[in-house]
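One structure below.
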Amino acid sequence: MKRAVWIGGALAGLLVLGFGGVALKDYVILHIAGWRAPPVGPNRPVVWEPGPASATEAPADRPPNVIVILADDLGFNDVSLNGGLGEGSVRTPNIDGLAQGGAVLASGYAGNATCSPSRAALMTGRYPTRFGFEFTSIPVQMAQLIPTLAPRDRELRPVFRRDRVDQTPSYEQMGVPAGEITLAELLKTRGYHTMHLGKWHLGETAGMRPEDQGFDESLGFMVGGQMYLPARDPDVVNSRQDFDPIDKFLWANLPYSVQYNGGDRFHPDGYITDYLTDQALAGIRANRNRPFFMYLAYNAPHTPLQALKSDYDALSHITDHRERVYAAMIVALDRGVGRIMAELKAQGLDDNTLVVFTSDNGGANYIGLPDINKPFRGWKLTFFEGGIRVPYFMNWPARIPAGTRLTAPVSHFDIFATAAAAAGASMPSDRAMDGVDLSPFLSGQSSGRPHEALFWRSGGYRVVRAGDWKLQVLDRPARTWLFDLASDPTERNDLAASRPEVVAALRAQLEAHDRTQRAPMWPALVEAPVGVDRTGDQPIQTGDTYVTWSN
């Protein structure tokens, strides 16, 4: 580890001393185990474990299948049901149809404002801070290079905390502890066949991998991202964000690969969003005669921004190249959802399958597009609504009436409890569980709010939503915001100064909640300023609202 950090530091120094003008796509910064270093073989077929050749009971008479479709960095406004890209011209009819045929969770929240902790909440049904999963797992080398690669003309720049490196485990060990009970493990107790496809980002070491956390089969990648196609493939159109250090790092290091059940890595046989969809369809067909749980974690539309040329060409009315690439990625994601829903129908499984669609967090400012979280303020890396309010839909025709709309706040960890109840599985009783079964609220059997309060924490940045009050407390810069979301859902009117009694009461709730959580399993290595109302290509100006994000 220390040798790898030294190499990273040396290369960072070369960039500072004059190699900053070298095109990063041609300059391999690092060789990180699990990313670029391992060899990647040619494509090979995946044969999903076949279930029974014939069904012993009708689909309606057995426990429902469960499919969780998770997008990566999908903004609230990226789904046309909520507005849509290209001033509403880019439609997502299949995602919209899934929502309209079931339930829209209008105040659906991510478990966190970044990838890993949010996924940990979804997979365990608990606040990830209950077991120390507070920060997104990134390699030390990446954390070290982010400040170096950031634009040098910015007054506010990311800081690398070198003093914390010795307290940091290897990247492979940053994950959900083996002692946590995952949704896959719980559903296996009810006889479900369990499948993971796509992004994991919850640990790579023994005990943390999907095959060790309850999944019978896993096809995807363990790290936080992947190329969609090789950069020079004739079928791909690329958009690089030279102002973003994360983008530079990804273009230099990400492979184009997947692995099946921890085996050798190999190339997909096409654009990775479509490839994962193809494989999901094969998994559905293989398991059509038994209950199954499928966790389909697309990496779309996370950077690097790469679109199929055919999808890009179909959006010629969008003149901005970056937005056009991004929109084409959304088109491919929507196509995948449509094909999955069509396959369920073709197999006679659509009526008794619970399908959940959501995003791991809000859209990111580092792609430089201003409207992806509209109408909300903020981005991924902030706890403003734009960072944690996500598209969140549930479809289960046998139990959820079409056109259902739940306005009460709910969270990602409710997926765990809802799926458990659908399968007839008992919730773990040996630990605090935070998820709530939403099915009574969606069927009309229960009214009110599933949660009196929801909490988020990342280092010195803590937030509580209690009722319609939302308090944000930040240590650097020292700042407190209080918003009444009932009258001010886009967080424009800060009431902290005028309602000190509400601030005090909510601070007490934050403190009480913190006492039930654990210390982080690893420290935050990067402290980065994020402009709440600025895209990543815009410098933070004097007087701007910004947060310091610890990760």
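Mapping of the sequence shown onto the numbering used here: position 533 corresponds to residue 877, and the numbering continues sequentially without gaps.
A virtual CB, placed ideally from N, CA and C, is assigned to each residue, including glycine.
Since we're looking at a predicted model, the values are computed, not measured.
Assuming residue 556 is part of the alpha helix (DSSP H), what are its boundary residues? Taking the first residue of the sequence shown as 1, we reach residue 556 at position 212. Looking at the DSSP string, residue 556 is not in any alpha helix (DSSP H), and its letter there is neither H nor E.
Same chain only: Cβ atoms within 8 Å of residue 397, ignoring 5 sequence neighbours per side: Here residue 397 corresponds to residue number 53 of the sequence shown, with the count starting at 1. The residues are 633.
Is DSSP giving residue 807 helix, strand or coil here? The count along the sequence shown starts at 1 and reaches residue 807 at position 463. Three-state DSSP puts residue 807 in a strand.
4 or more residues per run - each alpha helix (DSSP H) lying fully within the region 446-472: 459-468
Taking the DSSP output, what are the residues bridged to residue 504? Mapped onto the sequence shown, residue 504 falls at position 160. The partner list for residue 504 (beta bridge, DSSP) reads 870.
With DSSP collapsed to three states, give me the class of residue 595. In the sequence shown, the residue the question calls residue 595 occupies position 251. Helix at residue 595.
Could you spell out where the beta strand (DSSP E) holding residue 641 opens and where it closes? Counting from 1 along the sequence shown, the entry for residue 641 is found at position 297. Unbroken beta strand (DSSP E) run through residue 641: 636-641.
Does the structure place the region 794-814 close enough to the region 466-483 that three or more beta carbon pairs sit under 8 Å? yes
Closest Cα partner of residue 437 within the set 712, 686, 507 and 816: Looking up residue 437 in the sequence shown gives position 93. Of the listed residues, the one whose Cα sits closest to residue 437 is 686.
Buried or exposed for residue 561, please, with buried defined as at least 16 other CB atoms from any protein chain shown within 10 angstroms of its CB. The residue given as residue 561 occupies position 217 in the sequence shown. The residue in question, residue 561, is buried, as its Cβ has 16 or more Cβ neighbours within 10 Å.
Would you kindly report the start and end of the unbroken beta strand (DSSP E) that includes residue 739? By one-based count along the sequence shown, residue 739 stands at place 395. Run containing residue 739: 736-739, per the beta strand (DSSP E) assignment.
Would you grab the beta carbon distance between residue 713 and residue 667 for me? Rounded to a whole angstrom, and I think it's under 8 Å. Position 369 of the sequence shown, counted from the start, is the residue given in the question as residue 713. Position 323 of the sequence shown, counted from the start, is the residue given in the question as residue 667. That pair is a contact at about 6 Å.
Can you grab the Cα-Cα spacing for the pair residue 544 / residue 469, in whole Å? In the sequence shown, counting from the first residue as 1, residue 544 sits at position 200. In the sequence shown, counting from the first residue as 1, residue 469 sits at position 125. Spanning the two alpha carbons is a distance of roughly 16 Å.
Is the CB-CB distance between residue 873 and residue 500 below 7 Å? Counting from 1 along the sequence shown, the entry for residue 873 is found at position 529. Counting from 1 along the sequence shown, the entry for residue 500 is found at position 156. Yes; because the gap between Cβ atoms is below 7 Å, this pair is in contact.
Own chain, CB closer than 6 Å to residue 621, minus 5 neighbours either side, in chain order: Here residue 621 corresponds to residue number 277 of the sequence shown, with the count starting at 1. These residues qualify, in order along the chain: 680 and 683.
Three or more C-beta pairs under 8 Å: does that hold for the region 849-860 against the region 873-884? no
What does the alpha-carbon distance come out to for the pair residue 827 and residue 627? As a first step, residue 827 must be located in the sequence shown, where it is residue number 483. As a first step, residue 627 must be located in the sequence shown, where it is residue number 283. Approximately 45 Å, taken between the alpha carbons.
Going by the CB atoms, is the gap between residue 566 and residue 519 shorter than 7 Å? The residue labelled residue 519 in the question sits at position 175 within the sequence shown. The residue labelled residue 566 in the question sits at position 222 within the sequence shown. No. Outside cutoff.
Where do the ends of the beta strand (DSSP E) carrying residue 651 lie? On the sequence shown, position 307 is the one that residue 651 refers to. 649-652 is the extent of the beta strand (DSSP E) around residue 651.
Just the Cα atoms here: how many angstroms apart are residue 881 and residue 427? Looking up residue 881 in the sequence shown gives position 537. Looking up residue 427 in the sequence shown gives position 83. Using only the alpha carbons, I get a separation of about 23 Å.
Quick test of the definition: if touching needs 3 or more C-beta pairs under 8 Å, does the region 441-460 touch the region 719-737? yes
For residue 653 and residue 542, the rounded distance between their alpha carbons: Counting from 1 along the sequence shown, the entry for residue 542 is found at position 198. Counting from 1 along the sequence shown, the entry for residue 653 is found at position 309. Taking the straight line from one Cα to the other gives about 22 Å.
Let's test the definition: count the other Cβ atoms within 10 Å of the Cβ of residue 377 and tell me whether it reaches 16, buried, or not, exposed. Indexing the sequence shown from 1 puts residue 377 at position 33. Residue confidence for residue 377 is low, a pLDDT of 48 falling below 50, so the modelled location carries little weight; the figure read from the coordinates is stated next. Flag for residue 377 reads exposed.
Which class does residue 798 belong to by DSSP, given the choice of helix, strand or coil? Residue numbering aside, residue 798 sits at position 454 when the sequence shown is read from its first letter. It is a strand residue.
Which of the three DSSP states is assigned to residue 667 in this structure? For this step, residue 667 is matched to residue 323 along the sequence shown. Helix.
Taking the alpha carbon of residue 391 as the reference point, which residue from 745, 885 and 604 has its own alpha carbon closest? The residue given as residue 391 occupies position 47 in the sequence shown. With distances taken between Cα atoms, residue 391 lies closest to 604.
Which residues share a DSSP beta bridge with residue 537? For this step, residue 537 is matched to residue 193 along the sequence shown. Looking at the DSSP assignment, residue 537 forms a beta bridge with 636.
Mind checking who residue 343 pairs with in its DSSP beta bridge? Here the chain has residues from 345 to 895 only, and residue 343 is not among them.
Residue 645: CB within 6 Å of a non-hydrogen atom of the ligand ZN: Although the ligand ZN was asked about, the structure shown includes no ligands whatsoever.
Simplified DSSP state of residue 782, which is helix, strand or coil: In the sequence shown, the residue the question calls residue 782 occupies position 438. In this structure, residue 782 counts as coil in the three-state DSSP scheme.
Please go through the same chain and pick out, in chain order, the residues whose beta-carbon is closer than 7 Å to the beta-carbon of residue 784, but skip the five residues on each side of it. Mapped onto the sequence shown, residue 784 falls at position 440. Result list for residue 784: 790, in chain order.
Is the beta carbon of residue 419 less than 7 Å from the beta carbon of residue 707? One-based indexing of the sequence shown puts residue 419 at position 75. One-based indexing of the sequence shown puts residue 707 at position 363. Yes, they are a contact pair.
Report yes if the C-beta distance between residue 423 and residue 735 is below 7 Å; otherwise report no. Taking the first residue of the sequence shown as position 1, residue 423 is located at position 79. Taking the first residue of the sequence shown as position 1, residue 735 is located at position 391. The answer is yes: Cβ separation under 7 Å.
Integer-rounded CB distance, given that residue 528 should sit under 8 Å from residue 558: Locating residue 558 in the sequence shown gives position 214, counting from the first residue. Locating residue 528 in the sequence shown gives position 184, counting from the first residue. That belief holds up - the Cβ atoms of residue 558 and residue 528 are roughly 3 Å apart, short of 8 Å.
Go ahead and pull the three-state DSSP assignment for residue 760. Along the sequence shown, read from residue 1 onward, the residue named residue 760 stands at position 416. Residue 760: helix per DSSP, three-state reduction.
Beta carbon of residue 644, beta carbon of residue 655: below 7 Å? Start at 1 with the first residue of the sequence shown, and residue 644 comes out as number 300. Start at 1 with the first residue of the sequence shown, and residue 655 comes out as number 311. Not closer than 7 Å, so no.
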